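Protein chains in written order, with this note's numbering: chain Z, -19 to 229; chain S, 841 to 1168.
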């Protein structure tokens, strides 16, 4: 556990120092919230989900910032590889599993912090955060998204040589995961052929879970959400640990 | 325990390319041992195997009496490494880099703190301990890495090209540190280098490695003495003629390299006038004649028939080839 903590601690130190990264990754969901949310608020009708589009959008933006931060945190080990720091960790008398766990928890923590920051900021645009139990449910879903997608990032980074593939992954893997997740629109309003795709996207269950916690309404049963995203977290952690074990430097 | 490292028939292949070819030798406890050779000769691969980062294809080795394949963690605990490429976290301070290392090696908090202070003082970085490593110069980073490598009190310290890319002044400074360390801490130091002067100045014993094989192993003095006598280098527009003309029982060997003719012989001072006369008689122009005592460069030349620079030019293609292989 001490080793996991050591790696986690390093991640935290780096996170706190990277002001530009904190601000940079808040900016996108915040702009989405302002431009899309406020802009479309009067136009969009959400039958059965309350009247307010901004309130609908906020859980999606929280999930978005958790998703992007965690994938990015996971992929960051490529930098450690390139700048040599990974060697220092890998040659120490510690197991790969400990290193991977520390990295995953570190990434998940920063991701949840970023998501919470969005949540706090969204209260300024009128988000009613009144139910503490609901907040804890949302937090649990954020943690699961954070862990699963950091592990996902580590899995990808373990197979990548350098950062050249980063844009490709972001555009063709992470952005579709976000786009299909129902963070921006209710799943029920989609054309029938698109719904199965959405239901295949693990993030959908994360977004719906957070939405249930924060607004009390969701289109998928929160227990199903918990089971799916929990299972996904397990699979990703195992996959990430497996691929990280085989990393060569 | 007098043997720090014991290597037996150690071999490493990368898809048919033999990077380390059946090497065997012992390194004594407390000595500074140099692995000298051109880039791509197999120095780093040897070090990677000894530090358990890479599995040998065949053969075996023990470090501090621990088998490198049977007990990886045991070996790792007992060694310190300074890699060829930098391996610091640039976003953290010097202290934090040390602290991270100390925690990874599970050094208790009190002892950790005390040792970090002591080591940062040793490498003269105590005043910069709270500064982010990004602001450090190349020499400071190297010193920090050496201090970090010593934090868990290893019995053996590996230094992979410790002075690569540093300016001559910093290099000199670093040599002094390394020599002091070996003396004061009594640890065994194994360093790889392709700087002849570095091996000569620092090492108690040197193994010359080329194409994965150990081609000579002895003290720098014995190696140089083995050449027999002195070295005369002659520059001339017509090297072939110089080489063809110089002959006699007092000449050990004549070779052409890098635009020079290199003659090894005994008592060069007595024969220099003979050499000049011989060349004059044959009307061969001379640009310069120099006498020097043999260096490790001459030793390398006498064993491989090439200078280390010529080897490196050849080796570069090889290097690229197996860097690619290592990655896949």
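Glycine is no exception: its CB is placed at the ideal position from the N, C-alpha and C atoms. Only a predicted model underlies this, so the values are computations on that prediction, with no experimental measurement involved.
**OP:** Give the straight-line distance between the Cα atoms of residue 158 of chain Z and residue 44 of chain Z, rounded to the nearest whole angstrom.
**Re:** As a working mapping, residue 158 of chain Z is identified with position 178 in the first chain. As a working mapping, residue 44 of chain Z is identified with position 64 in the first chain. Those two C-alpha atoms are separated by around 7 Å.
**OP:** Within its chain, find whatever has a CB closer than 7 Å to the CB of residue 904 of chain S; leave out the 5 residues flanking it on each side and keep chain order.
**Re:** One-based indexing of the second chain puts residue 904 of chain S at position 64. So the qualifying residues of the chain are 844, 918, 995, 996.
Original post:
By a C-beta neighbour count over all protein chains shown, 10 Å radius and 16 as the cutoff for buried, is residue 155 of chain Z buried or exposed?
Top reply: The count along the first chain starts at 1 and reaches residue 155 of chain Z at position 175. Per the 10 Å Cβ criterion, exposed.
Original post:
Going along chain S, which residues have a C-beta under 7 Å from residue 142 of chain Z?
Top reply: Taking the first chain and counting its residues from 1, the one referred to as residue 142 of chain Z is at position 162. Under the 7 Å cutoff, chain S gives no residues; its nearest Cβ is about 10 Å from residue 142 of chain Z.
Original post:
With distances taken between CB atoms, is the gap from residue 1138 of chain S to residue 1067 of chain S smaller than 7 Å?
Top reply: As a working note, residue 1138 of chain S is residue 298 in the second chain. As a working note, residue 1067 of chain S is residue 227 in the second chain. Taking 7 Å as the Cβ cut-off, residue 1138 of chain S and residue 1067 of chain S qualify as a contacting pair.
Original post:
Relative to the C-alpha of residue -11 of chain Z, which residue among S:1030, S:1052, S:932 is closest?
Top reply: For this step, residue -11 of chain Z is matched to residue 9 along the first chain. It is S:932.
Original post:
Would DSSP call residue 53 of chain Z helix, strand or coil?
Top reply: The residue labelled residue 53 of chain Z in the question sits at position 73 within the first chain. Three-state result, residue 53 of chain Z: helix.
Original post:
So which residues of chain Z does residue 931 of chain S contact, with C-beta pairs closer than 7 Å?
Top reply: As a first step, residue 931 of chain S must be located in the second chain, where it is residue number 91. Residues of chain Z passing the Cβ test: -6, -3.
Original post:
Is it right to say residue -19 of chain Z is buried, meaning 16 or more other beta carbons lie within 10 angstroms of its own, or is it exposed?
Top reply: Position 1 of the first chain, counting from 1, holds the residue named residue -19 of chain Z. Exposed, since its Cβ has fewer than 16 Cβ neighbours within 10 Å.
Original post:
Per DSSP, which one or two residues make a beta bridge with residue 1053 of chain S?
Top reply: Your numbering for residue 1053 of chain S matches position 213 in the second chain. Residue 1053 of chain S is bridged to S:1050.
Subject >> Element boundaries [alpha helix (DSSP H), containing residue 111 of chain Z] >> reply: The sequence position of residue 111 of chain Z within the first chain is 131, counting from 1. Careful: residue 111 of chain Z lies outside any alpha helix (DSSP H) and carries neither H nor E.
Original post:
In terms of residue numbering, what span does the alpha helix (DSSP H) encompassing residue 942 of chain S cover?
Top reply: Locating residue 942 of chain S in the second chain gives position 102, counting from the first residue. Residue 942 of chain S -> alpha helix (DSSP H) spans 934 to 944.
Original post:
Quick one: what's got a C-beta closer than 6 Å to residue 198 of chain Z's C-beta in the same chain, skipping five residues either side?
Top reply: Stepping through the first chain from its first residue, residue 198 of chain Z is reached at position 218. These residues qualify, in order along the chain: 188, 191, 192.
Original post:
Does the segment 861 to 876 of chain S come within contact of the segment 159 to 171 of chain Z, defined as at least 3 CB pairs closer than 8 Å?
Top reply: no
**OP:** Kindly indicate the opening and closing residues of the alpha helix (DSSP H) around residue 1083 of chain S.
**Re:** For the purposes of this step, residue 1083 of chain S is taken as the residue at position 243 of the second chain. Counting along the chain, the alpha helix (DSSP H) containing residue 1083 of chain S begins and ends at 1079 to 1085.
Original post:
With DSSP run on the structure shown, which of helix, strand or coil describes residue 1095 of chain S?
Top reply: Within the second chain, numbered from 1, the residue matching residue 1095 of chain S stands at position 255. Correct three-state label for residue 1095 of chain S: strand.
**OP:** For residue 1009 of chain S, count neighbouring Cβ atoms within 10 angstroms of its own Cβ and tell me buried if that reaches 16, exposed if not.
**Re:** Counting from one through the second chain, the residue named residue 1009 of chain S turns up at place 169. So residue 1009 of chain S counts as exposed.
Original post:
Roughly how many angstroms lie between the CA atoms of residue 915 of chain S and residue 991 of chain S, to the nearest whole one?
Top reply: Against the second chain, residue 915 of chain S aligns to sequence position 75. Against the second chain, residue 991 of chain S aligns to sequence position 151. Each residue's Cα considered, the two are about 16 Å apart.
Original post:
Is DSSP giving residue 885 of chain S helix, strand or coil here?
Top reply: As a working note, residue 885 of chain S is residue 45 in the second chain. The answer is helix: DSSP assigns residue 885 of chain S an H, G or I state.
Original post:
Start and end of the alpha helix (DSSP H) containing residue 877 of chain S?
Top reply: To locate residue 877 of chain S, count along the second chain from 1; it is residue 37. It is not in any alpha helix (DSSP H) - residue 877 of chain S carries neither H nor E in the DSSP assignment.
**OP:** Could you tell me which chain S residues have their CB closer than 9 Å to the CB of residue 61 of chain Z, listed as they occur along the chain?
**Re:** The count along the first chain starts at 1 and reaches residue 61 of chain Z at position 81. Residues of chain S passing the Cβ test: none, with the nearest at roughly 11 Å.
Subject >> Status (buried if at least 16 other CB within 10 Å, exposed otherwise) for residue 927 of chain S >> reply: For the purposes of this step, residue 927 of chain S is identified with residue 87 of the second chain, where counting begins at 1. Residue 927 of chain S is buried by the Cβ-count criterion.
Original post:
What residue does the beta strand (DSSP E) around residue 853 of chain S start on, and which one ends it?
Top reply: By one-based count along the second chain, residue 853 of chain S stands at place 13. Its beta strand (DSSP E) spans residues 843 to 854.
**OP:** Taking C-beta pairs closer than 7 Å, name the residues in chain S that residue 74 of chain Z reaches, listed in chain order.
**Re:** Counting from 1 along the first chain, the entry for residue 74 of chain Z is found at position 94. Neighbours of residue 74 of chain Z on chain S, chain order: 944.
**OP:** Grab the span of the alpha helix (DSSP H) containing residue 188 of chain Z for me, first residue to last.
**Re:** On the first chain, position 208 is the one that residue 188 of chain Z refers to. Where residue 188 of chain Z is concerned, the enclosing alpha helix (DSSP H) stretches over 182 to 195.
Original post:
Which residues, in chain order, does the segment 1108 to 1121 of chain S contribute to contact with chain Z at a C-beta distance below 7 Å?
Top reply: none
**OP:** Residues of the segment 938 to 966 of chain S with a CB closer than 8 Å to any CB of chain Z: list them in chain order, please.
**Re:** 940, 941, 943, 944, 945, 946
**OP:** Would you list the one or two residues that DSSP bridges to residue 921 of chain S?
**Re:** Numbered from its first residue, the second chain carries residue 921 of chain S at position 81. In DSSP, residue 921 of chain S forms a bridge with S:998.
Original post:
From the beta carbon of residue 980 of chain S, is the nearest beta carbon of chain Z less than 7 Å away?
Top reply: Taking the first residue of the second chain as 1, we reach residue 980 of chain S at position 140. Cβ-Cβ to chain Z under 7 Å: no for residue 980 of chain S.
**OP:** Using a Cβ cut-off of 7 Å, pull out every chain S residue sitting near residue 67 of chain Z, in sequence order please.
**Re:** On the first chain, position 87 is the one that residue 67 of chain Z refers to. Here the neighbours are 923, 927.
Original post:
Going along the chain, which residues of its own chain have a beta-carbon closer than 6 Å to the beta-carbon of residue 886 of chain S, five neighbours each way excluded?
Top reply: Within the second chain, numbered from 1, the residue matching residue 886 of chain S stands at position 46. These residues qualify, in order along the chain: 860.
Subject >> Contacts of residue 893 of chain S in chain Z (Cβ-Cβ under 9 Å) >> reply: One-based indexing of the second chain puts residue 893 of chain S at position 53. The contacting residues are 67, 70, 71, 229.
Original post:
Looking at the structure shown, is residue 1132 of chain S part of a helix, part of a strand, or coil, going by DSSP?
Top reply: Reading the second chain from its first residue, position 292 is the one you call residue 1132 of chain S. Here residue 1132 of chain S sits in strand by DSSP.
Subject >> Where the segment 172 to 200 of chain Z meets chain S: residues whose CB sits under 9 Å from a CB there >> reply: none
**OP:** Determine the chain S residues that contact residue -17 of chain Z at a beta-carbon separation under 7 Å, and present them in chain order.
**Re:** Counting from 1 along the first chain, the entry for residue -17 of chain Z is found at position 3. Chain S residues near residue -17 of chain Z: 944.
Original post:
Between the C-alpha atoms of residue 846 of chain S and residue 1125 of chain S, what's the straight-line distance to the nearest angstrom?
Top reply: As a position in the second chain, residue 846 of chain S is number 6, starting the count at 1. As a position in the second chain, residue 1125 of chain S is number 285, starting the count at 1. If I take the Cα positions, the gap works out to 53 Å.
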